[in-house]
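Everything below concerns the one structure shown next.
In the numbering used here, the protein residues as written are 4 to 279.
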């Protein structure tokens, strides 16, 4: 008996998704700089269409908050774990509430050295990239991931020095592609929310300093890297801390207007990544 075409298509789709799930690394947690043993939501094992994928990376060896990270960055407690996992889970909850994207309630740390695992996660987030130091092999893997349709959002780095550190690794990823300002007319600022009127989103340091900027990063920059077809592959949030705006969204001391914009920017970036 021959199956109807629609049944074949549905079966093929299920097999394809089953193949993706089969090759994904299982959910895993690491000790963070700020949090350890963060409570798991009851539905953390649910299979979904989108997951907050957090980039793991080797640090350049600088300092954060006066403390130097020792040990193996692949075991956690390194720069890539800043805000983790509270920030990730708050944003995932927001995606569930504000969109029809079926979002998992927990994040997925992704190591570029783990074979082809990165290709299972269409949206990738990097925090504190003013402290990263990608190896040549990791830069090649990230470039392939982006050119094959992946999307990378990076955030929470400030000032001239951290920009130089970030750009040094990004030049190894794309030595032939410029970093440019994202125009207000770009679809990424209008795919769900209209975000023409953006402003600087500060980290939690605002609560005691009253400053919206850090170091010499006075002016917020929304920059990016495009592919040959005009698709934004890399979205760079410099001189702002969207991760803190998600992390502290449930704390009444942190101003709502900052979390509101930080979440809307991230939701736009996620929807863009899933549709472009």
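All residues carry an ideal CB built from backbone N, CA and C; glycine is no exception.
As DSSP reads the structure, residue 229 sits in a beta bridge with 235.
Following the DSSP letters along the chain, one finds residue 129 inside the beta strand (DSSP E) bounded by residues 126-130. Collapsing the DSSP output to three states places residue 209 in a helix. In the three-state reduction of the DSSP assignment, residue 135 falls in the strand class. By alpha-carbon distance to residue 166, the top candidate from 198, 242, 227 is 242. A distance below 7 Å between beta-carbons, with the five flanking residues on each side excluded, links residue 144 to the following residues of its chain, in chain order: 115, 121. Under the DSSP assignment, residue 92 falls in the alpha helix (DSSP H) whose first and last residues are 89-101.
DSSP places residue 55 outside both helix and strand once states are collapsed to three, so it counts as coil. Between residue 105 and residue 51, the C-beta spacing is below 8 Å. Between the alpha carbons of residue 164 and residue 215 lies a gap of roughly 18 Å.
For residue 154, the enclosing beta strand (DSSP E) covers residues 154-158. Rounded to the nearest angstrom, the gap between the Cα atoms of residue 269 and residue 219 is 24 Å. By the C-beta density criterion, residue 250 is buried, having at least 16 other C-beta atoms within 10 angstroms.
Nearest neighbour of residue 83 by Cα position, chosen from 54, 221, 129, turns out to be 129. By the neighbour-count criterion, in which 16 or more other beta carbons inside 10 Å mark a residue as buried, residue 58 falls on the buried side. Sorting 262, 146, 252 by C-alpha distance to the C-alpha of residue 230 places 146 at the top.
Straight across, the Cα-Cα distance linking residue 202 with residue 45 is about 36 Å.
For the pair residue 272 and residue 118, the Cα-to-Cα distance works out to about 26 Å. In the three-state reduction of the DSSP assignment, residue 143 falls in the helix class. In the DSSP annotation of this structure, the continuous segment of the alpha helix (DSSP H) that includes residue 176 starts and ends at 162-176.
Annotation: the continuous alpha helix (DSSP H) that includes residue 271 extends over 259-278. With contacts defined by Cβ atoms closer than 8 Å, residue 253 and residue 159 do not form a contacting pair. Proximity to residue 213 across 239, 246, 173, 258 peaks at 258, based on C-alpha coordinates.
By the CB criterion at 8 Å, residue 112 and residue 41 fall outside the cutoff.
Residue state for residue 187 is assigned as coil, using DSSP reduced to three classes. Here the alpha carbons of residue 196 and residue 96 stand approximately 18 Å from one another. The Cβ atoms of residue 154 and residue 126 lie closer than 8 Å to each other. Judged by DSSP secondary structure, residue 249 falls within the alpha helix (DSSP H) whose first and last residues are 245-250. Nearest neighbour of residue 235 by Cα position, chosen from 221, 207, 198, 183, turns out to be 183.
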